[in-house]
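Participant: Residue numbers (this note's numbering): 12 to 69.
Beta carbons are placed, not taken as given, at the ideal position from N, Cα and C, and that holds for glycine.
Computed from a prediction, not measured in an experiment: that's the story for all the values here.
Please see the structure below; I have some questions.
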């Protein structure tokens, strides 16, 4: 089970369709996405990464 950061959870909750798409990812893909978000250099960069990640889900 991948622990989702709260800010990613909130972003996914805004779109049930994108939340379902995230849930359909493999465990590795979810882990890679969370790691990519968690390694952002600052809060603004992290927010942009979350926005990009959520928008990429279909």
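1. Per DSSP, what kind of secondary structure is residue 58 in: helix, strand or coil?
2. Is residue 57 near residue 48, with beta carbons less than 8 Å apart?
3. Quick check on the burial criterion: 16 or more other C-beta atoms within 10 angstroms. Buried or exposed for residue 22?
4. Taking Cβ to Cβ, would you say residue 68 is nearer than 8 Å to residue 32?
5. Counting C-beta neighbours from all protein chains within 10 Å, is the total for residue 70 16 or more, i.e. buried, or is it exposed?
Facilitator: Quick look at the numbers:
1. helix
2. yes
3. buried
4. yes
5. The requested residue 70 does not occur in the structure, where the chain is confined to residues 12 to 69.
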